[in-house]
Structures are given as structure tokens and as C-alpha cells.
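Student: Numbering (this note's numbering), first residue to last: 22 to 833. Input: one structure, supplied below.
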Amino acid sequence: MKFGYFDDEAREYVITEPKTPYPWINYLGNEEFFGLVSNTAGGYCFYKDAKFRRLTRYRFNNVPMDVGGRYYYIKDGDTVWNPGWKPTQTDLDKYECRHGLSYSKFIGEKDGVSSELTCFVPKGTNAEVHKLAIENVSDVQKSLKLFSFIEWCLWNGMSDMENFQRNLSCGEVEIEDSVIYHKTEYKERRDHFAFFSVNAPINGFDTDRENFIGLYNGFENPQVVEAGMPRNSVAHGWSPIASHYIEVDLAPGEKRELVFILGYIENAQEEKWESKGVINKTKAKAMIANFDTTEKVDAALAEIATDWKRLLGVYQVSTGDEKIDRMVNIWNPYQCMVTFNMSRSASFFESGIGRGMGFRDSNQDLIGFVHQVPERARQRIIDIASTQFEDGSAYHQYQPLTKRGNADIGGDFNDDPLWLILSVSAYIKETGDWSILDESVPYDNDASKATDLFGHLTRSFNFTVNNLGPHGLPLIGRADWNDCLNLNCFSSDPNESFQTTNNKMGRTAESLMIAGQFVLYGREYVELCKRRGVDTAEAEKQIDAMIEAVKNYGWDGDWFLRAYDYYGKPVGSKENEEAQIFIESQGFCTMAEIGKEEGLCEKALDSVAERLACEHGIVLNNPAFTKYVIEYGEISTYPAGYKENAGIFCHNNPWVIIGETKLGRGDKALDYWKRIAPAFREEKSELHKMEPYVYSQMIAGKDAFKPGEAKNSWLTGTAAWNWAAISQDILGIKPGYDGLIIDPCVPKDWNKYKVTREYRGAIYNITIKNPSGVCKGVSSLAVNGEPVQGNVVPIQAADSVNEVDVVLGGKS
Ligand code: BGC
Ligand code: NOJ
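The structure is reproduced here in C-alpha cells:
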């Protein structure tokens, strides 16, 4: 069953039934100000950091869920309704939520009144703009009462939820003309305030929640709305809100448009006040003036659309399969941009107070957006690398507001350093900007400890070399990519987190996933060294030794082992009772092509097909754990089939997909890709539960109670990795150091497709033909009619438009 449809032309997902199986959300904002908005206008917004600068309040764990957001109540006689259906849930004659690229539109119609609410964050602006159009589509006069509503968060998303003895006494507001200002803590240490404005005179307002809603009412029936009369309340402590009251009289056919702005302003210390106790509102007024007409708002909206057209234009495919095309051309790159902005901080599963920007996460996310915003990718790399330690290891996360690393979610994840090589090499391949390697970058944000970025990569590489275990394989530390494989943890205390608790200081537990990662990204490091004229003999020796160690100690007969535990016993082996095979080492060792000539990769991936693959995707391990294994940690805490315990962890499916392309098995690769691609799961929306336009972190695996049910949508490395898998390894258009590498691996029955790729300032219109029905292998390549040897399209002049003709298979 579906709850909407893709409007590819408009680049929107149109939800036509408000009762989706879960709130289906969208993100507003692409720079420093962001909003999360559900299909019923729920959610919240923040400036830069969802923990420290949260403008509006949001309650997770609420019942019913997803209440609180940008609410507009329209009172028409005795009927009260909302353009986004919630919170009144009054039946609408028409409901549509159009989630587009960085905006959401809510179209509601009731008893001859139609409304359209458009929410977005204009470029260069720290505000959400809400354009509300109300039209009388009946043939009688309408006297409507409109109430806006948002609830302020007392800035710190964490303390807002816990420190009530203080919170309920400190709220402060100011009201001037049609603008409600939120100035809690502005008088002392804060240099920022928020406001909610409307570009029309108001007939009243409320700023105190209990006055507006009433202590015994809810969002669905605020007492002020029921009475049809505002109280003009001024909040002193308790819970400050902002509500405008506007009388809207409409003749038949008449339409009124209003612009509401929910903005964030910073004032320098010496400019904070206009007069004693009165905020200096100069900047707020300037911001309001920027959007005081619908024309200005429409222009700002059009600017965002133009930006997206340009960003998505970098890679456009036409395969003839609309689902593939909409994933590649619209939704996958869109999700990649959102993960770039949010890392794992703020979604409907990430509370915005738990996690900042992850070291490993942000490096991996980069491969999904570097082609869209290369300059911002450059800055991101510098920010991430600046938190690295001198021995090459890393803080696991940093806070976006301060850009400082912290240990709040643990440390000593031994995969972390190697991801920096992935992101930096991806950046250079995309841009050709070798100068990044010469940038001086601090360690632990201490400028007195700095080397060039290349030095950081050397330390990343050497970190593994310096931390090998008894088999010459990399020590796992607290965990590798799989946060839940805690081989040194031995936790028996339910009050401690697996991520932060003290580890045993063992130097035995080793990871085959990091081994594959080291070989793969180590080779990349060697390539960078060569191009810089740095001697590579030692590094190559280390990589060769790692390959040998994997072959000698990391092969279980039919697949790669996953690890050695604290006692030196194999993990992910036929010897084990449960979890005999894991996905991560199969993915990484096959991507690194370890033992490919000897047939190990083929065998490993056949085992994946046999043991791990199912209808909904590839599970993480098999059989699932059914009991807690203290020497394995968090992985064995999850019920079978969920999350890291045999869930379909969508992030690592593309590792297998890419592994399949290394073997040239294009049918298998695309088949796996389709199993988890959200557009292909749209028909199963009731089961899948999450948005059909973005990936979820996890789909319940075959051992789960409800196989196929997804969770944790949006903020997942799945977006970037699937982008890499489909755009580079399946469709085969891959940025290289010397040009665009053409190396498709597609199903045999594909005979033709086209890709337009903007690359280093030039445009490449690439036509790929497959006359002899092969999966892989370029037999001829021509650029602008001229044959080119090999499969690399040399870099063409900036601004040139080039025709690239590729033929796969035997010579034709
Ligand atoms: C989850 C992991 C996640 C980690 C974050 C664990 O509970 O299972 O997926 O990476 O927490 O710190
Ligand atoms: C989610 C985390 O954000 C990521 O860093 C980790 O690799 C995966 N979970 C797997 O545990």
C-alpha cells in the first residue's frame, strides 16, 4: 500500500494520506539554520546545533507522537482545522503534503476554504519562512479566525527537557507590533534571541502556553482557539510560546497571503539593547523586511530551486527505469546533502542532543556530496582532520558549534583514522585540488601541533601499522565500524553505555574489517604518496603483509572471518554457535579484492548470497545472536534481526554490491541495490514504515519478528555508500585522479543508458551501449568522436560540452 506518489517533474514526494505509518519528514535549510518537518507540519528548528541552539521545542517519546510544530489553526464557524491536518486532525476535504527539495508544502481544504502553507529556509538567512495562502473557494463570505502557534525551546535542547526547577522561572518575551520576540537568557550570557513575525497587523496574540492551550487541553484543542479569542498573554516564566491572532475575512474567490518568519538573531555584546531591557531589533527588522511580500518569498523559494537544479545537474542518468532514475537523479543525492548537514545529530530517531558530527560518519558522508559542494567538502575535511590526535587516532565526534572533538560518545574506535584517507582521496579525485594536502592542519585543534594534511594521512595509515595484533591483523580497539562489536568491553552493568564504558586494555582482539579497509585505503594512500614523490616501499610492504595475514588467518573456508576476540578466538566462523558469518569483512575484503585470484572473493560473496541475503536486503550476521555474549558486547543485546544483530544494516549492503562489481556480477549488484532502494520499496510502504524517498539505517532482517520493517530513516551512511555504489560502481562513472573513469557493471540485459556528468568544470554526455549483453568491460571509448585507449576520459577544457561514447563487451 502507498500513502502518496513521486512527482518526478516537481521533484517532490506527494503524501496524500496524513496517517502515514510513521511521520514522514523533510529537512529545511542547507547552510546554518535547519528545520525538521513532518508530513503534518510537526518538528522543530535550530541554528547550527540541535543541542545548543534549539529555537522550538519538540518532545520525543510523546503520546501521540509527533505533536508540536508549526501550527496554523483556522477557525471557520465552529470548525477548527489545520492545513497540515494536525494537531486538530479535523477531516479535510483535501490533504497533500509535498516534500520537495529543502521545502515542504501543505495543502489543506475544508468547507470551501483552501490553504497552502509553504515552509523553507531562504538562502543566507537564519530563519524558517512560512507562506500561508488562504482562499475562499466557496460562494459565500467567510469570516475566518487564524491562530499561528509555535512553542519556544529554552535554547539548550537537553536542559530544556530536564531542569524544570530553573526553566519554569526563566522564560522572557517581548511583543512589538506583529512580532513576538523570545529573549530567555538574553539579558545575561546569550547574544542571541528568536522571533516569530507576520507581515500583517494582528488582532491579538498569546505568548504563554497555559493561557493559549489551557492546562487541561492539548495542542488539538487550545482553549483560546476554541473560544475564538486571544488572551494577549505575556509569558513570565512557565512555557513561552508565540501565537498571532488574525481575522481573515474573505469574499467568495478571495485569497489572502501571509508571511510568517521564525528567525534567529545574534547581537554583539555592545549592541544588545535598544534601551534598558528592550532588545535591539535592528537585525530582526532587516530580516523581516527581506521577506515582507509574497513576491520576495517566491523569489527566495525560486533561488533554492535553482540551486538544486544546479546541484543535481552534476549527475543525471536516464536508464529507462523511473525508479532507478528518481533515486539517482533526485532523492539519493538529496539525502546525501542532508547527511552532510546533520551527520547523525537531528532526525526523528536522533534526538539532536545525543550526537554531534561523527569522525567516521562525516568522512564517509563526504563521498556522497563532494560532487555537489566541493568547497564545503574541503572545509569539512579540514574541520574533521583538525580533531585528529597526534598518534593518528581520533575523537569519535565533534560538536558543530565549536568544532572541537569530545569523548561524549566514546573513543578508541580503530577504524576511525582510515576513513580520512577515503574522504581526502575522494575530494582530490573529484576536484583535482591537490593543494588540500599542503594545508596546515592542527591536531586536537591545537595550532601549535600541526602538520600538513598529508601528514595527517600518514598518521592515519601508521595508526593501523602501529596497532597490529597477534596475527598481524589490526587491533579493533573499542570497536570498528560496527559500534556494537565490543570485543574488549565485557560489560555486565546495565547502567553503563557500551560506547563509553572502560575497556579492558587487551591487545588481542583484531578486526578483519579494518584489515580490508587498510588494504583498500592503504593503496589509496600509496597512490597519493607516489604522486607526491614520497617513497612507498614501506607502506607497500605493510599492505602486502596485511593481505598475507588476511589470507593466512582471516579465511574461514567459505568466507572471511569477522574478527578475533579478546581471547584470540575467531568471530564469524563456522566454529561459532551463532553469528558464523558477518557482512562487513566480506564487503571490505572483496572491495579490496583480497585473494581474488585464488577465488576467495567469489566464494565469500556466494556465501553472502546463501547465508545473509534475503528479500529485503542483506543481513549483518547469521545466525542472529539469541543470547548475550559478554565478550562480544552490544551486538548481542539486540533482539534477533534488529540493528547490528542480523538487521539489514543498509550502510554495509553497498560494500557487498561494490564487491560484486569487482567480480563483474552486474545482475547481482543491481539486484542487491534494488532490494533496499526506497523507491523500490514504495509499494510496501505499510510494512517498510519509513519514508519511501530516503534510505533508512536498518530494515529488520530475516530473523526479526517483522522482517522488512525499517527504522531510523535519513541520517545514515547508507545514503553516501549507495550513492557511490550506484553512480560509480554500477553505472560506472567514477572520478579519478586523471579523468573520469568509465567502468560500468550492469545487468546483462541492459543495452543502453545515458549519464550526464559535470566534472571539473566540463560537461560529459555519456552514452553507454551494450550490444553484446555483457555486465562489464569497456571495449571502446570515444570522446567527441575521437577514440581513446583504455577507459579514462581525459579532463576536457572547463566549460566544454563533450560527447562520450562507450561500448561494453567484445569489440563491435
Ligand atoms: C547503535 C549503533 C550506533 C551507536 C552510536 C548503538 O546503540 O546500535 O548503530 O552507531 O549506538 O553510538
Ligand atoms: C551508526 C553509527 O553512526 C556509525 O558510526 C556506525 O558505524 C554504525 N551505526 C554501525 O554500528
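In this text, a Cβ means the ideal position worked out from N, Cα and C, and glycines have one as well.
Relative to the C-alpha of Val592, which residue among Lys344, Ile497 and Thr111 is closest?
Tutor: To locate residue 592, count along the sequence shown from 1; it is residue 571. Of the listed residues, the one whose Cα sits closest to Val592 is Ile497.
Student: CB of Ile430 to nearest heavy atom of the ligand BGC: below 7 Å?
Tutor: As a working mapping, residue 430 is identified with position 409 in the sequence shown. Checking every heavy atom of the ligand BGC against the Cβ of Ile430, one is found closer than 7 Å.
Student: By DSSP, does Thr612 sit in helix, in strand, or in coil?
Tutor: Stepping through the sequence shown from its first residue, residue 612 is reached at position 591. The displayed chain sequence assigns Met, not Thr, to residue 612. Of the three classes helix, strand and coil, the one that applies to Met612 here is helix, per DSSP.
Student: Under 8 Å, do Leu533 and Ser481 count as touching if we go by C-beta distance?
Tutor: Taking the sequence shown and counting its residues from 1, the one referred to as residue 533 is at position 512. Taking the sequence shown and counting its residues from 1, the one referred to as residue 481 is at position 460. For Leu533 and Ser481, no; Cβs fall outside 8 Å.
Student: Quick check on Ile816: does DSSP put it in helix, strand or coil?
Tutor: Numbered from 1 along the sequence shown, position 795 holds the residue referred to as residue 816. If DSSP states are grouped into helix, strand and coil, Ile816 belongs with coil.
Student: For the ligand BGC, is there any heavy atom lying closer than 7 Å to the beta carbon of Gln520?
Tutor: As a position in the sequence shown, residue 520 is number 499, starting the count at 1. Yes; taking the cut-off as 7 Å, the Cβ of Gln520 has a heavy atom of the ligand BGC nearer than that.
Student: Check each candidate in Ile325, Glu371, Val828 and Tyr207 and name the one with the smallest Cα separation from Cys140.
Tutor: Working through the sequence shown from its first residue, we reach residue 140 at position 119. Closest by alpha carbon: Ile325.
Student: Just to confirm my understanding: we take Asn384, look at its own chain, exclude 5 residues before and 5 after, and list those with CB closer than 7 Å. What are they?
Tutor: Working through the sequence shown from its first residue, we reach residue 384 at position 363. Hits under 7 Å: Ile405, Trp440, Leu441, Leu443 and Ser444.
Student: Any contact between the segment 67-75 and the segment 756-772? By contact I mean 3 or more CB pairs, one from each, below 8 Å.
Tutor: No, because fewer than three Cβ pairs between the segment 67-75 and the segment 756-772 fall closer than 8 Å, the two stretches do not touch.
Student: Is DSSP giving Asp835 helix, strand or coil here?
Tutor: Nothing can be reported for residue 835: it is not among the residues displayed for the chain, which extend from 22 to 833.
Student: Can you tell which of Tyr285, Asn435 and Gly578 has its C-alpha closest to the C-alpha of Phe539?
Tutor: What you label residue 539 is simply residue 518 of the sequence shown in a count that begins at 1. Among Tyr285, Asn435 and Gly578, the Cα nearest to that of Phe539 is on Asn435.
Student: If you measure between the beta carbons of Gln520 and Ile430, is that distance less than 8 Å?
Tutor: Here residue 520 refers to the residue found at position 499 of the sequence shown. Here residue 430 refers to the residue found at position 409 of the sequence shown. Result yes, Cβ atoms of Gln520 and Ile430 sit closer than 8 Å.
Student: Do the segment 383-398 and the segment 735-752 meet, that is, are 3 or more Cβ pairs less than 8 Å apart?
Tutor: yes
Student: Let me check understanding here. Comparing Cα to Cα, which of Tyr780, Ser407, His417 and Ile196 lies closest to Val299?
Tutor: Numbered from its first residue, the sequence shown carries residue 299 at position 278. With distances taken between Cα atoms, Val299 lies closest to Ile196.
Student: Decide if Leu333 is buried, meaning its Cβ has at least 16 other Cβ atoms within 10 Å, or exposed.
Tutor: As a working note, residue 333 is residue 312 in the sequence shown. Buried, since its Cβ has 16 or more Cβ neighbours within 10 Å.
Student: Does the distance between the C-beta of Trp502 and the nearest non-hydrogen atom of the ligand NOJ fall short of 7 Å?
Tutor: The residue labelled residue 502 in the question sits at position 481 within the sequence shown. For the ligand NOJ, at least one heavy atom lies less than 7 Å from the Cβ of Trp502.
Student: Is it a yes or a no for the segment 662-676 touching the segment 503-518, going by three-plus beta-carbon pairs under 8 Å?
Tutor: Short answer: they touch.
Student: Helix, strand or coil for Tyr124? Go by DSSP, reduced to three states.
Tutor: Position 103 of the sequence shown holds residue 124. Strand.
Student: Hey, how far is the Cα of Thr452 from the Cα of Phe127?
Tutor: For the purposes of this step, residue 452 is taken as residue 431 along the sequence shown, with counting starting at 1. For the purposes of this step, residue 127 is taken as residue 106 along the sequence shown, with counting starting at 1. Straight-line Cα distance between these residues: approximately 39 Å.
Student: Based on Cα-Cα distance, which residue from Lys302, Lys683, Gly685 and Ile720 lies nearest to Arg921?
Tutor: Residue 921 lies beyond the residue range present for the chain, which begins at 22 and ends at 833; the question has no answer from this structure.
Student: Drop a sphere of 10 angstroms on the beta-carbon of Lys832, count the other beta-carbons inside from all chains shown, and report buried for 16 or more, exposed for fewer.
Tutor: As a position in the sequence shown, residue 832 is number 811, starting the count at 1. Low confidence applies to Lys832: its pLDDT is 43, below 50, so where it sits in the model is not reliable, and the reading given next is rough at best. Under this definition Lys832 is an exposed residue.
Student: Figure out for me which residue from Lys276, Glu209, Glu460 and Pro108 has the closest Cα to the Cα of Asp473.
Tutor: Translated into positions along the sequence shown, residue 473 becomes position 452. For Asp473, the nearest C-alpha among the options comes from Glu460.
Student: Exposed or buried, which one is Met363 when buried takes at least 16 other CB atoms within 10 Å?
Tutor: As a first step, residue 363 is located in the sequence shown; it is residue number 342 there, counting from the start. With 16 or more other Cβ atoms within 10 Å, it is buried.
Student: Would you call Lys152 buried or exposed, if buried means 16 or more other Cβ atoms sit within 10 Å of its Cβ?
Tutor: The count along the sequence shown starts at 1 and reaches residue 152 at position 131. When all chains shown are included, Lys152 counts as buried.
Student: Rounding to the nearest angstrom, what Cα-Cα distance links Val547 and Ser606 in this structure?
Tutor: For this step, residue 547 is matched to residue 526 along the sequence shown. For this step, residue 606 is matched to residue 585 along the sequence shown. Roughly 22 Å between the two C-alpha positions.
Student: How would you call Tyr26, buried or exposed, if buried means at least 16 neighbouring beta carbons within 10 angstroms?
Tutor: Here the question's residue 26 lines up with position 5 in the sequence shown. Result: exposed.
Student: Can you give the beta carbon distance from Val715 to Pro699, rounded, assuming they're within the 8 Å contact cut?
Tutor: On the sequence shown, residue 715 is found 694 positions in, with the first residue counted as 1. On the sequence shown, residue 699 is found 678 positions in, with the first residue counted as 1. Between Val715 and Pro699 the beta-carbon gap is near 6 Å, inside 8 Å, which marks them as a contact.
Student: Taking just the CA atoms, how far does Phe380 sit from Ser795?
Tutor: To locate residue 795, count along the sequence shown from 1; it is residue 774. To locate residue 380, count along the sequence shown from 1; it is residue 359. Checking the sequence, you will find Val at residue 795 rather than Ser. Each residue's alpha carbon lies about 40 Å from the other.
Student: Would you say Trp440 faces chain C, with C-beta separation under 8 Å as the test?
Tutor: The chain inventory of the structure shown lacks chain C, comprising one protein chain alone.
Student: Taking Asn228 as the reference, which of Leu283, Val255 and Lys208 has the closest Cα?
Tutor: Within the sequence shown, the letter at position 207 stands for residue 228. Checking the sequence shown, residue 228 turns out to be Thr, not Asn. For Thr228, the nearest C-alpha among the options comes from Val255.
Student: Nearest by alpha-carbon distance to Thr77: which of Lys166, Lys144, Met182 and Phe24 is it?
Tutor: Locating residue 77 in the sequence shown gives position 56, counting from the first residue. For Thr77, the closest C-alpha among the options Lys166, Lys144, Met182 and Phe24 is that of Met182.
Student: With respect to the beta strand (DSSP E) encompassing Met140, which residues constitute its N-terminal and C-terminal limits?
Tutor: On the sequence shown, position 119 is the one that residue 140 refers to. Note that residue 140 is Cys in the sequence shown here, rather than Met. From DSSP, the beta strand (DSSP E) with Cys140 extends over Val134 to Phe141.
Student: Among Ile639, Gly554, Phe475 and Ile155, which has the Cα closest to the Cα of Ala272?
Tutor: By one-based count along the sequence shown, residue 272 stands at place 251. Closest option to Ala272, Cα to Cα, is Ile155.
Student: Would the C-beta of Glu665 count as close to the ligand BGC, meaning under 7 Å from any of its heavy atoms?
Tutor: Translated into the one-based positions of the sequence shown, residue 665 becomes position 644. Yes.
Student: Which residue's Cα is closest to the Cα of Glu287: Glu137, Val269, Ser296 and Lys306?
Tutor: Reading the sequence shown from its first residue, position 266 is the one you call residue 287. Closest option to Glu287, Cα to Cα, is Lys306.
Student: Evaluate Asn733 with the Cβ neighbour count: other Cβ atoms within 10 Å of its Cβ, from every protein chain shown; 16 or more gives buried, anything less gives exposed.
Tutor: In the sequence shown, the residue the question calls residue 733 occupies position 712. Asn733 is classed as buried because its beta carbon has at least 16 other beta carbons within 10 Å across all chains shown.
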